[in-house]
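Have a look at the structure below before the remarks.
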Amino acid sequence: MTTWAAVARELRRYNSAVVVARDERGYPVSVRCAPVPDERTATFTVPIPDGVGIAVGPAWLLCHFHDERFWSLRSFGARGSLERAEGDWRFRPTAFVTGVGGIAAAVRMYVGARRRARRYLAARGLKPPEIRWDQINAIKKEVAAARP
Amino acid sequence: MTAVGSVADFASVFGVPAEVGAVVREFRSCELSTFARDGTPVTWPTMPFFEPDRRRFLITSSVGLAQKALNIRRDGRVAMLFSDPTGSGLVRPPSVLIQGAAESPEDLAQFDDRFKPMTRLMFERQPVGVTLMGALPGPLRHLVDWYCWRVLIYVHPRRIRWWPDGDLGRAFGEVVL
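Protein chains in written order, with the working numbering: chain A, 1 to 148; chain B, 149 to 325.
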């Protein structure tokens, strides 16, 4: 499957996406929009209004979802570039980036993040901090008691 | 650290409309953009906590998911887009884009009394995740220690833009700091 096809398939699960590139000052600028797949050019047309200040160049596309309780998280990203063609803005993906959501992604994230955490601490000569479960649980109890 | 929702809020600190302040206060997440080593923007959702007395946002991330902090230590230019109102209770809120200068010190944090307002808000807003984390019996808690070791990110707003009703076709408001 091509990168474009992978992004197009996953994009169908979301109502909109966030497209990000640089602005004229070199800062990231991001816009929520509804990308339209164009298989012929292996791009996505992204409706970006004038005046946003976004520029052609390296770009990113993000889709994410959470429910009303800030749970059921899922997401994916795509690296690529933002192009201007025939008056339209187009996002051309070059790499699909797995986010969160689903068992496989959860296991991959858990294993990878745990390994990276230890590597991060080791590289800086830091001793793994002892987790203050007593304080965490006290705050949790406070929140639970305040809940209607 | 001052809790979110204290008397001074984002709107009064930066002189933006109250509905922009409500977005910053009530949205569950924002899309934080940093720059990778090759200059490509990288964006993932995150929970920001506004500290009005410091005029900045605090964002934390597990040391196992520290790429955004590493990116910021190379290039501090970031953007935070508030564009998903799910769970906020707000109707037709503006979209808010905050561009800023970020820093990520080497200190580590965790969900303890030092960061109580942030921890409390997270527990209030994400009860399922907290329940799962707290459900682990003592001997198994080391399995999630990596999640509790947090890197710190501070974002100092430099430009705030908002689009009424979240409609990007309308004229936007702007404050440059």
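Even for Gly, the Cβ is constructed at its ideal location relative to N, Cα and C.
In this structure GLY99 (chain A) is buried. Its beta-carbon is surrounded by 16 or more other beta-carbon atoms within 10 angstroms. Residues of the stretch 202-233 of chain B with a C-beta atom less than 8 Å from some C-beta of chain A are SER210, VAL211, GLY212, LEU213, ALA214, ARG225, VAL226, ALA227, LEU229, SER231, ASP232, listed in chain order. For TRP60 (chain A), a Cβ of chain B is located within less than 7 Å of the residue's own Cβ. Any Cβ of chain A closer than 7 Å to the Cβ of THR194 (chain B) would place that residue at the interface, and such an atom is absent. TRP311 (chain B) and PRO241 (chain B) do not touch by the CB rule: their CB atoms are close to 10 Å apart, not below 8 Å. Shortest Cα-Cα distance from ARG32 (chain A) to any of B:ALA283, B:LEU245, B:ASP261 involves B:LEU245. When secondary structure is reduced to three states using DSSP, VAL171 (chain B) falls in the helix class.
A check of alpha carbon separations from ILE136 (chain A) across B:CYS178, B:GLN258, B:SER209, B:ALA170 identifies B:GLN258 as the nearest.
Taking a C-beta cut-off of 9 Å against chain B, the contacting residues of the stretch 54-79 of chain A are GLY57, PRO58, ALA59, TRP60, LEU61, LEU62, HIS64, PHE65, HIS66, ASP67, GLU68, ARG69, PHE70, TRP71, SER72, LEU73, SER75, GLY77, ARG79, listed in chain order. Under DSSP, the beta-bridge partners assigned to HIS64 (chain A) are A:SER75. In the structure shown, the three-state DSSP call for THR2 (chain A) is coil. The beta carbon of ASP157 (chain B) sits closer than 7 Å to the beta carbons of GLY169, ARG173, PRO200 from its chain, once the five residues preceding and following it are set aside; these are given in chain order. When C-alpha distances from PHE198 (chain B) are compared across B:LEU269, B:PHE320, B:LEU288, B:GLN215, the shortest belongs to B:LEU269. Within the stretch 77-106 of chain A, the residues whose Cβ lies closer than 8 Å to any Cβ of chain B are, in chain order, GLY77, ARG79, GLY99.
Cβ atoms of ASP88 (chain A) and THR45 (chain A) come within 8 Å of each other, at about 5 Å. At a cut-off of 7 Å between beta carbons, VAL111 (chain A) makes no contact with chain B. As the crow flies, the alpha-carbon of ALA250 (chain B) is around 7 Å from that of ILE301 (chain B). The straight-line gap separating the alpha-carbon atoms of ALA214 (chain B) and PRO196 (chain B) is approximately 15 Å. Taken in chain order, the unbroken stretches of beta strand (DSSP E) that lie wholly in the stretch 156-230 of chain B and span 3 residues or more are 178-183, 189-194, 197-199, 204-210, 225-230.
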